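Written out below as structure tokens is the structure these notes cover.
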Amino acid sequence: MILFAFWCFCISIEELIDVSLMGDKHIEFSAGESYSVGFDNPYGLFIPRIYENCMIQFMAQNPKTDDMINDSITFTDNEIAATLFFAKWKGKVTITASQQEKLSFSWITFPSNCDYFYFDNNFFSDINLSVANGSLCYHNSAELPAIYEIDYPDDFHNFENVSLDIFDETGKINSIHGNEKFKFVFNKTTVIQLNNKNNDIFTLNLKVKSNAQSNQYPNPFKGFLQNDIPSFLFLKNLPTKKQKSLSVTFSVIGIASVCVIMFIIIVIIYRRRGEKINAFIENDEFDEQNICLSRDNSSTEKAPGDDDVNLHFEDIIFRDQLRNRYIEEAEGYPDNHYQPPKEGIDAPTANELNNTLDDPNYLP
Numbered sequence: 000m001i002l003f004a005f006w007c008f009c010i011s012i013e014e015l016i017d018v019s020l021m022g023d024k025h026i027e028f029s030a031g032e033s034y035s036v037g038f039d040n041p042y043g044l045f046i047p048r049i050y051e052n053c054m055i056q057f058m059a060q061n062p063k064t065d066d067m068i069n070d071s072i073t074f075t076d077n078e079i080a081a082t083l084f085f086a087k088w089k090g091k092v093t094i095t096a097s098q099q100e101k102l103s104f105s106w107i108t109f110p111s112n113c114d115y116f117y118f119d120n121n122f123f124s125d126i127n128l129s130v131a132n133g134s135l136c137y138h139n140s141a142e143l144p145a146i147y148e149i150d151y152p153d154d155f156h157n158f159e160n161v162s163l164d165i166f167d168e169t170g171k172i173n174s175i176h177g178n179e180k181f182k183f184v185f186n187k188t189t190v191i192q193l194n195n196k197n198n199d200i201f202t203l204n205l206k207v208k209s210n211a212q213s214n215q216y217p218n219p220f221k222g223f224l225q226n227d228i229p230s231f232l233f234l235k236n237l238p239t240k241k242q243k244s245l246s247v248t249f250s251v252i253g254i255a256s257v258c259v260i261m262f263i264i265i266v267i268i269y270r271r272r273g274e275k276i277n278a279f280i281e282n283d284e285f286d287e288q289n290i291c292l293s294r295d296n297s298s299t300e301k302a303p304g305d306d307d308v309n310l311h312f313e314d315i316i317f318r319d320q321l322r323n324r325y326i327e328e329a330e331g332y333p334d335n336h337y338q339p340p341k342e343g344i345d346a347p348t349a350n351e352l353n354n355t356l357d358d359p360n361y362l363p
């Protein structure tokens with residue numbers, strides 16, 4: 000707490016901080032000009048209305064733990080809603096124009112005894128506010144002036160401990176007790192607080208109409224604020240260290256999930272391709288087996304049998320025996336006075352006999 004006070008004091012030396020509980024501003028900014036709003040109490044709400052070409056910086060501190068959050072967001076148009084709710088934290092918001100621009104924004108601080116926080120930025124609203132054994136605070140950020148019509152239920156007399164309080168930047172300005180319709184025209188930023196100490200639910204109807212000529216918010220919102228830490232509505236939670244680590248974790252998980260899915264798809268594709276290739280190979284093997292079988296069959300049909308082989312070898316042996324016999328006979332002529340006839344067929348010499356027997360076409 001001391002650090003926060005010292006920080007605010009140091010900042011106040013350099014710049015002026017508006018610490019009003021509520022406010023509504025329409026300012027023509029020069030490039031680089033800024034405006035700061037301080038939230039010295041919890042449950043602050045900063046609502047930019049026109050925030051093109053500007054940067055929103057904020058600082059928030061948890062009054063119980065002294066945890067600090069600092070961040071900034073640059074906006075180039077109004078398409079992303081930038082409403083900032085501080086919840087139980089305190090802090091400061093600075094809006095800075097990046098070029099000459101007319102900026103419009105408002106802010107409030109809900110009463111500290113509120114149990115429920117209801118925010119509405121619609122220029123025309125017709126809602127029922129209900130609460131039991133507690134306090135509900137409502138704020139409509141439509142551009143001022145705005146007309147409020149309040150209609151109590153017919154059974155109002157059955158509720159004794161019910162009150163409706165109205166607050167502006169100065170504090171409580173009115174407290175209503177009754178069972179009739181009320182109509183107010185507000186020219187200042189206001190908060191309505193409905194208190195009901197009964198266990199039974201009490202409901203009243205509220206109609207709000209803005210008389211401003213400006214356009215509706217680009218991001219209409221109507222609902223309860225239930226944040227525990229400072230948060231931009233409909234945009235993001237402010238990045239505490241824990242949230243940053245969670246964000247990184249979720250990013251890693253997301254990337255890992257994508258990788259796993261891609262891996263599964265690749266495995267499925269390769270398996271299908273493998274099945275096709277295996278089927279093709281099996282067909283090829285089947286064809287090769289058929290070819291081999293046909294070759295074996297043809298080889299079996301054409302290959303000589305055992306008898307043919309024996310005959311072949313017997314033929315060779317016979318030829319060798321015949322050649323040897325003729326050689327012996329040719330060289331074995333007796334060495335006597337026998338003279339072969341002069342006319343007739345001469346006996347073959349040994350060389351002639353060998354050449355004749357080697358002739359494959361020779362048949363004995």
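Residue numbers are given in numbering that gives the first Met the number 0: position 332 of the sequence shown equals residue 331, and the series is strictly consecutive.
We put the beta carbon where it would ideally sit given N, CA and C, even for glycine.
Only a predicted model underlies this, so the values are computations on that prediction, with no experimental measurement involved.
Worksheet item: Roughly how far, in whole angstroms, is the beta-carbon of C53 from the beta-carbon of T95, given that I think they are within contact range, below 8 angstroms?
Response: 6 angstroms
Practice prompt. Put Y42 into one of helix, strand or coil per three-state DSSP.
Written response: coil
Discussion item. Taking its Cβ as the centre, do 16 or more other Cβ atoms sit within 10 Å of N139, making it buried, or is it exposed?
Written reply: buried
Worksheet entry | For S256 and C113, the rounded distance between their alpha carbons | 43 angstroms
Worksheet item: What are the start and end residues of the beta strand (DSSP E) that includes C136?
Response: G133 to N139
Worksheet item: What span of residues does the beta strand (DSSP E) with T202 cover, start to end?
Response: F201 to S209
Fill in: Closest residue to N186 among E32, I200, Y137 and E168 (Cα-Cα distance)
E168
Worksheet entry | Range of the contiguous beta strand (DSSP E) that encloses Q225 | Per DSSP, Q225 belongs to no beta strand (DSSP E) and is neither H nor E.
Worksheet item: Closest to S129 by CA distance: which of L193, V207 and L20 is it?
Response: L193
Discussion item. Quick check on DSSP: helix, strand or coil for M21?
Written reply: coil
Item to complete: Grab me the residues of I126's own chain with a C-beta within less than 6 angstroms of its C-beta, minus the 5 sequence neighbours each way, in chain order.
Response: L205
Item to complete: Find the nearest neighbour of Y34 within the set F262, P152, K24 and F158, judged by alpha-carbon distance.
Response: K24
Discussion item. Which residues does DSSP list as the beta-bridge partners of Q192?
Written reply: C136 and D164
Worksheet item: Can you give, in chain order, each stretch of the beta strand (DSSP E) that sits fully within the region 34 to 118 and has at least 3 residues?
Response: 43 to 49, 53 to 60, 67 to 74, 89 to 96 and 100 to 108
Fill in: Proximity to S209 [Cα-Cα], best of V184, N226 and T202
V184
Discussion item. Assuming contact is defined by CB atoms lying nearer than 8 angstroms, are F116 and F38 in contact in what I supplied?
Written reply: no
Fill in: F185 - partner residues in DSSP beta bridges
A145
Worksheet item: The beta strand (DSSP E) spanning L128 covers which residue range?
Response: F123 to V130
Worksheet item: By how many angstroms is the C-alpha of D76 removed from the C-alpha of V266?
Response: 46 angstroms
Worksheet item: Hey, how far is the Cα of L15 from the Cα of I26?
Response: 15 angstroms
Worksheet entry | Buried versus exposed, by CB contacts within 10 Å (16 or more), K180 | exposed
Discussion item. Using a 10 Å radius around the Cβ and a threshold of 16 neighbouring Cβ atoms, would you call E159 buried or exposed?
Written reply: exposed
Worksheet item: Taking DSSP as the reference, what is the three-state secondary structure of N197?
Response: coil
Worksheet entry | Distance CB(M21)-CB(T202) smaller than 8 angstroms | no
Worksheet item: Taking the alpha-carbon positions, what's the D17 to P41 distance?
Response: 16 angstroms
Practice prompt. Assign N61 to buried or exposed, taking buried as 16 or more other Cβ atoms, counted over all protein chains shown, within 10 Å of its Cβ.
Written response: buried
Worksheet item: Smallest Cα separation from A141: which of W106, D164, P110 and T73?
Response: W106
Fill in: Status (buried if at least 16 other CB within 10 Å, exposed otherwise) for V36
buried
Worksheet item: With respect to the beta strand (DSSP E) encompassing S29, which residues constitute its N-terminal and C-terminal limits?
Response: No beta strand (DSSP E) holds S29; DSSP gives it neither H nor E.
Worksheet item: Helix, strand or coil: which one does DSSP assign to N120?
Response: coil
Worksheet entry | Rounded straight-line distance, which links the Cα of R272 to that of I228 | 54 angstroms
Worksheet item: In whole angstroms, what separates the C-alpha of Q56 from that of A145?
Response: 29 angstroms
Worksheet item: Between N198 and the rest of its own chain, which residues show a CB-CB distance below 8 angstroms, the 5 nearest in sequence each way excluded?
Response: A131 and N132
Worksheet item: Quick one, are the C-beta atoms of P219 and N120 less than 8 angstroms apart?
Response: yes
Fill in: Whole-Å CB distance - F104 paired with Y50, under 8 angstroms assumed
7 angstroms
Discussion item. Taking the beta carbon of I191 as the centre, do at least 16 other beta carbons fall within 10 Å, making it buried, or is it exposed?
Written reply: buried
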